[in-house]
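> Protein chains in written order, with my numbering: chain A, 4 to 541; chain B, 130 to 402; chain C, 2 to 363; chain D, 328 to 758. Quick reminder that beta carbons are idealized off the backbone N, C-alpha and C, glycines included.
1) I need the DSSP call for residue 486/D, collapsed to helix, strand or coil.
2) Based on the DSSP output, what are the partners of residue 170/B in its beta bridges?
3) Should residue 290/C be flagged as near chain A, meaning a C-beta pair shorter than 8 Å?
4) Per DSSP, what are the beta-bridge partners of residue 452/D in this structure?
5) Along chain D, which residues have their Cβ under 9 Å away from the Cβ of residue 501/A?
6) Does the separation of the CB atoms of residue 186/C and residue 501/D fall below 8 Å?
7) Give the secondary structure of residue 527/D by DSSP, where H, G and I count as helix, E and B as strand, and everything else as coil.
8) Let me know if residue 135/A comes out buried or exposed under the rule of 16 or more other beta-carbons within 10 Å of its beta-carbon.
9) Let me know the secondary structure DSSP gives residue 287/C once reduced to three states.
10) Cutting at 6 Å between CB atoms, please list the residues of its own chain near residue 449/A, excluding the five before and the five after it.
11) Is the beta carbon of residue 445/A less than 8 Å from the beta carbon of residue 280/A?
12) Hey, could you find the ends of the alpha helix (DSSP H) residue 89/C is sitting in?
13) Within 8 Å (strictly less), CB to CB, does residue 307/A reach chain D?
14) Check each residue of the region 566-599 of chain D: if its Cβ is closer than 9 Å to any Cβ of chain A, include it; give the result in chain order.
15) Counting only Cβ-Cβ distances shorter than 9 Å, please list the residues of the region 242-253 of chain C near chain B, keeping chain order.
16) At what residues does the beta strand (DSSP E) containing residue 676/D begin and finish?
17) If you draw a straight line from the alpha carbon of residue 169/A to that of residue 144/A, how long is it in whole angstroms?
18) Check whether chain A comes within 8 Å of residue 701/D, counting only Cβ atoms and requiring the distance to be less than that.
19) Compute every distance between the C-beta of residue 164/B and the non-hydrogen atoms of the ligand NAD, then say whether any falls below 7 Å.
20) Under 8 Å by Cβ, that's how I've got residue 329/A and residue 439/A pegged, so tell me the actual separation to the nearest angstrom.
21) Taking Cβ to Cβ, would you say residue 172/B is nearer than 8 Å to residue 162/B?
22) Sorted by chain position, which residues of the same chain lie with C-beta nearer than 7 Å to residue 230/A's C-beta, five sequence neighbours on each side aside?
23) Residue 317/B to residue 258/B, Cα distance in whole Å?
24) Apply the 10 Å Cβ neighbour rule to residue 410/A and answer buried if 16 or more other Cβ atoms are within range, or exposed otherwise.
25) So that I know if they touch, is there some Cβ in chain A lying closer than 8 Å to that of residue 494/D?
26) Name the residue from 319/C, 15/C, 175/C and 89/C whose alpha carbon lies nearest to the alpha carbon of residue 134/C.
27) Give me the Cα-Cα distance between residue 328/C and residue 403/D, rounded to the nearest whole angstrom.
28) What is the C-beta distance between residue 3/A and residue 502/A, in whole angstroms, given that I count them as a contact (C-beta under 8 Å)?
29) CA-CA distance, residue 696/D and residue 589/D?
30) With a threshold of 8 Å between beta carbons, is residue 231/C in contact with chain B?
31) Give the interface partners of residue 239/C over in chain B, defined as CB-CB distance under 9 Å, in chain order.
32) Taking residue 369/B as the reference, give the member of 362/B, 391/B, 348/B and 349/B with the closest Cα.
33) Three-state secondary structure (DSSP) at residue 499/D?
34) Can you tell me whether residue 28/A is buried or exposed, with buried defined as 16 or more other CB within 10 angstroms of its CB?
35) Can you grab the Cα-Cα spacing for the pair residue 234/B / residue 202/B, in whole Å?
36) Starting from the beta carbon of residue 457/D, find every residue of chain C whose beta carbon is closer than 8 Å, and list them in chain order.
Below you can see the structure in the form of C-alpha cells.
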C-alpha cells in the first residue's frame, strides 16, 4: 500500500507539472466560461453527479483543472456564500486566504463560516486522486509514475492497459517496470483467456498489496477454470509465506519501537532515581512539560522545523524545572529517599493542575512533520517513519547521556557522588552543585522524551501519569542506577510485550509482563545489572 | 498445612539446635576457603582454626579479607569452595544467619549497630537466647532468671545505671559495649568482634580490653582490630591476613619484627606503631 | 478503670478511642433522632462521608504497621483494600438476586449482558454472608502472604520491593478492567440493594455501617497498638533499623515480615469491605497505583510509626479533599499538592511530630 | 503521648461535623448542580460541559432567571473518581439542595450516581451518547442511544460505501461492548459472515496501536471493502489515529467511523492524515443553521476564545437545560416530581434543525448525521437521516432486552424496565 501523505505531496507537485504540460499547447484553451459552467453545476450536484462532473473536468484541457481538482479533493474549494464566486481556500484556520478558482487571482482573507465548501466524500476523493494520478504516468518524476500505476491498480480497467504497455516499453526504473508488469497481469487475470489468466496468476504470486492479493484470492476461489484456480492458489501460498515472514519482522520492529519509547521514558529516571536515589514521581510531568514545549514551538515555527528546535528547548525547560524542584524541595530530603517519593508526588499534582490552568485541560494537537510521516521500505518491510525516527532518536539520546556521564567532568563527579558522597566531598566535589545538575540532567532527558511522546500520543495534562509506572518498572528491572540496565530492560520489555500481544491481546500481554517482572525480581532482587554504591542502599 | 505452620513459626522450632562438640579443643574450623566477587579473590584458600576459649586477634591491611571472613562464618556470604565447621559436627555452610546465631555464634559489626529507638534493657532482652520463638514474641513476660541474666550482662558491660535509657543517646563507646552485651545475651560459644575500639578514648579502650579478656576462656573470641596497642593489650595469639590469605601467625612481638609483615604494612602504606 | 499497661501508657490512643466512642454514639443520635431542620442534624451524606474517612483511616493504620514499624514502603496496599471490597461487593451482587435489570435470579446483570450461561466457579459461595466475610480476610491475606513470603525470602528490599508492590496492584487493576474476568470490568460492581436484608438506602443501615467502621478502626488500632507493644513490636523496629542485626540475633526476619505484612493486608481488606457498602460501588479504579501512594501520604502527613498519626493523616487529608473539591474545584489540586510537599519537607515526623515538638517547647 | 492531642482531635471531629451542619442558605435562588470532572482523566472532556452549563445559566439569568428567581450554579469536582461521583451527587442534593443536576460522562459515573438520585429523588441530565439498557425515573438522557448513532452509521457504510468487511474496535467497557453486540447482531441479520467481522477490545488510554492497526491492515487486505467501526474512548483515540495516519491507512482505503470522536477530540489531533474518516453524531459544529451560528457565537464570547469548538454533548446540555427551563415554567415549581412529570413531551428546537422531543422513556428524538473529517478539524455532513430518530432505551437487537420497554408517562406502566411479555417491572430502586 502506498504512503498516502507522500502521494498527496506528489499531487501538488503534479498540479504545477500539468501547467507546464498544457501551456505550450496552442489548442483552443478551453475558455473559462465552460469551466465556470461545470464548476457551477458542482454546487448543487449530489455525489454521483459530482463524480460525472469530475470526469468532464479532467476532459477539459484547461490549465487550472489540476489545481481545482486538487483543491476539491482536499476540500479547499468554496463558494463565497453571497457572491457565489468559486474560490480556492488556503490554510485551515478560521480565517483563510482565498484565490479565484478559475483565474487564480488572490482575493485576500475570508472567514470560513461565510464560505460554502463544495463537499466531497471518500469515493469522490479516490476518484479524483486516481484521475489525477493516471495523468502522471508520463511524468518525469518516478514517484508520480509509481503513484500513477498504483492508482491504476486500485481500479484496473482493461482500456487503460494499452497506456501501461506503452509505458512499460520505455520505462527505465526497474521497480516501476515490475509494478507495471504486475498491473498488466492484473488485467489479464480478469480477462477471458484461461491460459493468460493462469499465467497472470502465477506472475502475481508474492505481491502483498491488497489491490493484487484481493483479486488473486477471488481467482483462487471463484475462477471458472480449475487450472487458474490451481495457479492462483500456488501463487497465493507464495504471497502468504511472504506476509508471514514480514509479519514476524514487523512484530520485532514494533517491539523495538515500543522498547525505545520505554527507554526514553526511563533513562531520565535512571539518572535521578538510580544515580541520586531520588524517587521522582514528577518525572512523568517533566515529560509532559517537554511535550507542551513541542506544541509551543509549533505555534511559531513551521512544523517541519519545529522538532529540531523543540528538543533543546524541551531539555532546557524540563531541566530548569528539575533544578528548581531539586533546590526547592529534594535537597532537604537526602538520606530520606522514600520521602522524596511523597514530596515529588505532591509536585506532580501541582504541575498537572498548573498545565490544566494555563493550557486548559484539553489535549493539544502536535503535528507530525512530513519527514516523519508515512512509511518507508526497509528492504521488503514497510515501517512507519516516525517510529523509525524515534528509535534512532532514542539511541542518540542514550549515547549522548552515556558520553556525558563517562567523558565529562560533571559525569565523573556525578558517578563519584553516586559511589560515595562523603568521599567525593572530601575530594573537593561540590556535591550540592552536582546534585542540582544531575537532577537537571535527568529532568532534561525527561523533557526530551516528552518531545518524542508528543509524536505518538496525547499532549495533555495526563500524559505523565500514563508513563510513570512503566518507567519505574523499566528502571527497577534493569537495576537501579545502571543505564545499560535501563536500555536492555526497556527493549526486552517492549519486545516481550509485542510478541505476547498477538495471541494474548494487549491487556493480558501487559499483565503477563508485570507478573514476569515480579517473579524476576525474586530471582535477582537488584535487577538485571545490580550496582553497588549509594543508590543500591535506597 | 503443617509446613505452613512451621514457616509461620518465627523461630523455626523445626530446625533442631544440636550442642556444639569441641572435644578436640578446636571450636571453629575454616579449611581451604575461597570466595571471589566478580573475579577478585577476597578470600584465597584460607585455613584458620580457633581453639575453644581462645582469644584471637586478626590484623591486616584494608581489603585483607577480614570482614569477608566474618561474613562467611556467620553465613552472610557463601564461599565458592572450602569447609567451615563449628566444632566437630556442625557444618556452618548448611545453615543461614539466624540458625548460626542460635547455635552460639555472636557477631559485632564494625559500626556499632544497636536498636537506637529502644532502651538498653529492651536491646538486651531482644538479644536474649530463646526470645526468638514466636510465642515468646507475643507473650513477652520475662521470667525471674531471664531478668537476672539481663542484669548480670548489664553489670558486665558496665551500663547498669543506663538500663532505662534509649540506646540512641548512649556515647559511642557505650554503644559498642551494649552491642557486645547483646552478643552475650545470646549465650554464644564464639564471639566475632569487628573493630571494637574504633573511635574510643584510651579509658574506654582499657575497659573494652578488660571486658574481652574476661570473656576469653568461657567463650572463644575473635577480634579484628587495626590498633596494635589494643591488640597487644589483649591478644596472646595473632593472625595476620593479607590478600585473603594467612600471612603469618604467632605472638605479636614476633610478628612485629617479621620482615614480611612489616613489608605488607608499609606496602599498604599505613603507619602502624 | 483497669487498662493493660500498653494501652494505659498510650494517651493519644486513648483519646482516639474516646473520639471514636463519641462518634459511634453521637453520629447515630444526630442523624436518627434529631429533626432534619435542626442545626445539629447530620445528613446521611455526612454519615457516609465520615464512614468513608474511618475506612481510609483503617487502611492508613494497616500501612503504618508495615511502613512505620517494619520499614517496608508498600505502594500496593490499595490492592488489598480493593480485594476486600470486591469480596463484599460480590456478596452484595448476589443479594440483588432477581431484582437486577434483567431479572436473572442468579447471574448479576453484567454477566447476563455478556451472555454468560452460568456463574463462574469463583463466584460460588459468595451468596453466604459468612463465607464472603471469611474471604474478605482470606483473599487479601493469602495474596499478601504468598507475595510477601517469596519477596522477603529472596530479600527484595527498598525501592525494589516498593516498585513490585506497585506492579502487583497495577497488574490487578488491568486484570479487573478486563470484562472477561467476570468482575464487571470498568463499571465494577454497583447498584447494590441490601445487606443481610437491610436496605442500603435506609438511614438505619448507614448508621450501623458507620458504627461498624468505628468499631473496626478501634479494633484495628488496638490490635496494632498491642502488637507493637509486645516484643514482636521491638523486633519490627529492629528489622526496620538494622535488618542484619536482627538476623544475627537469630530472628527469622523474612518470616516476621511475611506474617505482619499478611496481618496488615487483612486489616486493609476489612477496611475495603466496610468501604464498599457505604460508597455503593467498587471498581478497578480502586487498584490504581496512585491510590496506594496517596494512602502512604496520609500516613506521612499524620506521622509514620505512631498509628494515631495514620488516623489523623487519613481523616485530615480526606476531609481537606472533600472540602476543597467543593470549595475551590478549579484549583484544589494545588492545595493538596502543596500540603504534601510542605508536610514532607517541613514535618518529617508529620503532624504528630509537630505536636510533640510543641509539648517539648511547652 | 501528648496533652494537646485531645484538642486537635476534637477540632477534627468538630470540623467533620460542620460538614453536614452547614445549612443551604436562604432559598432566594434556584440552585443548579454541575457534576463534571475538572481533574483526572475525564477532565479533558468534561470541563467543557461544565463551562457550557455555566454559560447557559448565565444567559438564562440575563433573561431574568426562572420563576422570578436567579439561577445559581453549584460546581463540584468529582475528579474522575467514580465513588466520589456518588458522594458529590449526595452533597449536591442533600447539602446544597440543588433543584437539578447536569453531569456525568462515563457510564460508570452514571451508574455510580444513579442510586443516589433515585434515593433522594433528584433530577440528572446526562448529555453523552451511551449504551442504553437503562431508563431511570430521575435521569433524562439527552445524548444518543445506540439506535441513534451506531445503526444508521453502519447502514451508511453498507449502502453508500459498499463495505462488506467489518472491524469493530473498542475500548473494553460497557458502552463499546453493548454497541458492538448490537452491531454484530445487526450485521449478521444483514447477512454478513462471521469471518467478515473482526472484534477487538483495548484497555483505557491504550497508547501503542502498532500491532492492532497492522492487524486491521491485514484484515482489510482480503480484497473486500473494509471499514472500522470505532468505539475507542477519549484518550486512546489520538495515538490510534496517529498510527492510522503513519501506517498509511487513509480513509479511501479503510474508512473509520467513530462514535466518540467529536470536534473537541479532533482539536487535539493533527487531522490532515485523517481527512475522510467518519463520525456519527447528532450535532456537528459545521452545520449551517441560525440557531447553531448563534450558539457558537455565544460560546466564543463566553469562553473568550474564537478557536474553541462546540460538540454534540454540548448541544445535549443545551437542549436538556432549555427543556428543564420549560418544564419548570410549565410546572410552576422546581419540585422534582412535578418537573419530572412535566418533562415528558416537552419540545425544543435542535441546533441543527428539527425539534427535539422528550419521550416517555426519558430519551430524545434526534437527527442522525454522518460527517467526514476535514483538514481543519471540522466535519462535513455526507449523510443525514430523513427525519428524527426516537431514542430507544432498550435495544431490539439484544436478546435480554427485546421485550423490555420504558414508559414514565403511562400511569399503568410508570416504569423504566417494563417487560411487555411478563408484564413485570423490575430493577427499580424506588417505591
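In terms of the structure at hand:
1) helix
2) 165/B
3) yes
4) For residue 452/D, which the question treats as bridged, DSSP gives the partners 429/D and 467/D.
5) 535, 537 and 538
6) yes
7) strand
8) buried
9) Under the three-state reduction of DSSP, residue 287/C is assigned to helix.
10) 271, 286, 289, 290 and 321
11) Contact flag unset, no.
12) 78-97
13) no
14) 566, 569, 570, 572, 573, 574, 575, 576, 577, 578, 579, 580, 582, 591, 592, 593, 594, 595, 596, 597, 598 and 599
15) Residues of the region 242-253 of chain C with a C-beta less than 9 Å from any C-beta of chain B: 242, 243, 245, 246, 247, 248, 249, 250, 251, 252 and 253, listed in chain order.
16) 674-676
17) 17 Å
18) Taking Cβ atoms only, chain A reaches closer than 8 Å to residue 701/D, which makes this a yes.
19) Judged by which ligands are present, the structure shown has none, so any question about the ligand NAD falls away.
20) 5 Å
21) yes
22) Excluding positions up to five away in sequence, the list reads 197 and 201.
23) 9 Å
24) With fewer than 16 Cβ atoms within 10 Å of its Cβ, residue 410/A is classed as exposed.
25) no
26) 89/C
27) A straight line joining the alpha-carbon of residue 328/C with that of residue 403/D spans about 8 Å.
28) Only positions 4 to 541 of chain A appear in this structure, which leaves residue 3/A out of reach.
29) 12 Å
30) Yes - at least one Cβ of chain B is within 8 Å of the one on residue 231/C.
31) The contacting residues are 244, 247, 252 and 255.
32) 391/B
33) coil
34) Any reading at residue 28/A must be qualified, since the residue scores a pLDDT of 43, below 50, and its modelled position is unreliable; no value is offered.
35) 9 Å
36) In chain order: nothing, as chain C lies at least about 12 Å away.
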